[in-house]
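Taking it in order: structure first as structure tokens, then the write-up.
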């Protein structure tokens, strides 16, 4: 807005007021009464709000008793009237296409557009009425004769409308172009006189002439308006449709009103109903024409009397509170209730027949009649549906759900007696038609069609319509044949038990009492049905077969020892995939079965074969082909498939981890930038009130320029983000103004980018989950649902991540060890701090990963995690085009651990993180822990399972290993020791049977090679393990009882057994020496304490 000096403001305002005052005193313009605010006047006058307020405060004198007219006009309404008058005199008033004022131009300057449209309507209406008046019309005070002549003419031709016994004010005010909101004395006095005359002379208006008069009065205004091309086309189409329907006699009228249906023709023209209602002159014309065609009900006394007499005799005349229902009469003759009330003859007929109806019983009320008619219509629609060609069947019967949808009722409504009878009759007819055709009983030698159509239903129909043809066909089959191939429906045996008994006796292999024969038949049935070629046996059919077995047992046709069938279990057809064999991008998702480590190990030999023999790509699995390509690229890996697999796995896991880190850094920088702007926003005096006003009023606020300048400004962006964070916590969509949102997008970027300044972007959460998956391969659900208190510091090097797996069965506690100073912990800590202000009292307030979905804060979902991890992996060149999904990372990490130095020990340790909590029912099915402890200790002490030797040579002799073989093992590095100092006979250093590889890690209690080397170093290691296990006993027995009892409790009892044997014998000196050595080693804080996993 242009700025002006105070002298220029005063000069301009004084000139406008002086000009308006002079014209007002001359009587050349009417007064414009309005109440608006000063800011609006300032906008209209081109002044600053502060300057005009100061100007008005200095000069305003509202005392009407003052003689100086110039001072009295220094009020708000006069300033507005002066400005409008000057624009009108200079020909600068903004006009719309219809000839009225362009209100949007003025209302856009107000503080609230929504309030202004109703608050200032009187201002624009009065001015528009003044502008639309012809110049030759004199004021109403000079038109008294014309007003009186108008009332006389309307009264004489019975077109003067009557409202509540008085002359209609609206008709008179509209005729003379005066707003009905303000009473005019020139019209009020004639209205009062003619109202008294109406009562005195018992005047009754003619509804047809009244409507015609109203249509003529409003026609000039509608015809003189400037119309858009769309409006002109709509008016032409509306007139065409109404004229055609009027000539054809199909004009659609409103219910109980003698007017054209606006809603019907809005649907016909495919436009809004308000657009049709706006064509008042056309609608009024056809309302009159429709009234002419239908006639006035007062002229149809004979027809009305005949109608009342017939309905009274047929007991269909509706009554309401002892009177004849006028709505029924109005609907029958197509007139409005007002036409019935204004006709004296019709009212007398209704009173007459109302007295006659008092003595007649059984006449329906209006509500009862409507309900009965509605039910009759539903029954008619249902009969039409069941007899039609598009009826839908379900298990041989008419589908109740489809029938309910066809007639437009709920499924439960079909239980009504009338509707239920119609459906049952149709069901019997359909079954009868089917059973009358013998060819329907067989399909390629089997009763397939019959079982398909009549399965699990129609017991009543079969008991009635079971034909002789069906019985003969049924007797030709043995019971085994009928039951083995698809089976005959259960209702056949329920309705025809004697025939089932005949079939039973005809099959010699099913002799009574032969439980083996029955079991063999049922087993062959289940095996046959489970085959792929004849997979017709579903779990629903298993239930049917079990019900049949129960029925035959109750009929004494089957031995009681025959067991029912078991439900079919799901067939596993796929296995997990690793990142090596990720498919190319497409709709296929990763398979979802378990335990594929062994399969990948078996594929290692195929890698070498594919490199040497050059197998066809169609014959080689994707895993093998990917590793083969790596081996061909690097000649050193050609003869080492294990190293080739490890190389490929490491490269892809590292690439995924790096992609996640880069994505995280990008969005972290974006979020920190926004938070820095909010923290450093500069707020002047009164800034908070202005910012709050922007948030509340949105685009209508006068301070909007603070956040939407002409060019990008960090200060404006900071204010915008400050508003959203302070008053709402996130960017909302409460501002519905699309133009405003486009301006925001032009200045600051798209809406998701603005959202990422306040809430961490979903890519940052997905990237953090991806980094954890690629690093340690935990369960995906655990990484996604980590709580805010996710870490427990073990030492300076290791941080333990604790999560819960809730998917399926009892919750499982998951433990993941991550480097305490690694990037994964950094990402998790940042996510916790960045989402702290978003947490509330919701059920997900303890979740670590929160995202903004549809402008609402929600926890990270499974599908969102999968989609965004897939998108992040596409940002690195190595993984472009590969369909990497979260389920691949755990399988890849387990396979990589299995190929490392310690083999399956690492896999077992990785799998050990999944430990189940004991359910309450498990405490009743397992022995007390004290009994378990005693049994383990007894097995070590009494069975002499633990042998203590003093050096490696003695240990080798006990194992049957020669000194030369022992020396060879030491030179080649093949001699491995377990964590307790036990030398194992297995080459991988694991306990196991002599001569066989070990397949189980935790077999100390049953291993025949379990020996202990009693030297100070090994004994100190045993003592340290004992301290670590005793310190963790309370936690493990409470949170992971199964793993504690199966794995760590036996080791603790082994240590206690060694302690018992060494402290009471000749090895006490070695024990004391080991104690001193242990204290020296673990006195160093950098030495990590031994702890179970």
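Residue numbers (our numbering): 2 to 1094.
We treat Cβ as the ideally placed atom computed from N, Cα and C, and that holds for glycine.
Within this structure, are the beta carbons of residue i and residue j separated by less than 8 Å?
i            : j            : result
residue 160  : residue 206  : yes
residue 211  : residue 162  : yes
residue 677  : residue 722  : no
residue 712  : residue 773  : no
residue 382  : residue 423  : no
residue 277  : residue 239  : yes
residue 768  : residue 664  : yes
residue 1063 : residue 1069 : yes
residue 852  : residue 865  : yes
residue 654  : residue 775  : yes
residue 364  : residue 420  : no
residue 167  : residue 196  : yes
residue 877  : residue 716  : no
residue 338  : residue 306  : no
residue 724  : residue 754  : no
residue 415  : residue 406  : no
Which residue's Cα is closest to the Cα of residue i: the options?
i            : options                  : result
residue 661  : 1025, 869, 188 and 1038  : 869
residue 880  : 866, 275, 649 and 1038   : 649
residue 821  : 831, 837, 833 and 792    : 792
residue 1052 : 158, 680, 1093 and 401   : 1093
residue 1090 : 965, 799 and 861         : 799
residue 315  : 716, 351 and 361         : 361
residue 1015 : 289, 1046, 1045 and 1073 : 1073
residue 745  : 714, 165, 770 and 691    : 714
residue 758  : 718, 644 and 378         : 718
residue 819  : 1041, 831, 833 and 801   : 801
residue 369  : 326, 428, 341 and 884    : 326
residue 1    : 789, 817, 863 and 1061   : The structure shown does not extend to residue 1, since the chain is modelled only from 2 to 1094, so the question has no answer here.
residue 311  : 357, 234 and 340         : 357
residue 388  : 334, 426, 236 and 378    : 426
When the Cα atoms are used, what is the spatial distance from residue i to residue j?
i            : j            : result
residue 838  : residue 763  : 16 Å
residue 847  : residue 765  : 18 Å
residue 304  : residue 348  : 14 Å
residue 720  : residue 752  : 16 Å
residue 181  : residue 170  : 8 Å
residue 173  : residue 285  : 18 Å
residue 828  : residue 394  : 58 Å
residue 185  : residue 156  : 21 Å
residue 872  : residue 760  : 20 Å
residue 183  : residue 141  : 14 Å
residue 1038 : residue 1031 : 11 Å
residue 291  : residue 255  : 12 Å
residue 320  : residue 694  : 60 Å
residue 260  : residue 242  : 15 Å
residue 1045 : residue 804  : 18 Å
residue 149  : residue 190  : 10 Å
residue 1021 : residue 1076 : 6 Å
residue 1033 : residue 1085 : 21 Å
residue 743  : residue 726  : 21 Å
residue 1035 : residue 1054 : 15 Å
Are there 16 or more other CB atoms within 10 angstroms of the CB of residue i, so buried, or fewer, so exposed?
i            : result
residue 672  : buried
residue 1079 : buried
residue 264  : exposed
residue 1128 : The structure shown does not extend to residue 1128, since the chain spans only 2 to 1094, so no value can be given for it.
residue 1024 : buried
residue 706  : exposed
residue 747  : exposed
residue 710  : exposed
residue 682  : buried
- Task: Can you check the region 367-429 for any alpha helix (DSSP H) of at least 4 residues that lies completely inside it and give the ranges in chain order?
- Result: As summarised for the region 367-429, the continuous alpha helix (DSSP H) elements at least 4 residues long and confined to that stretch are 367-387 and 401-408, given in chain order.
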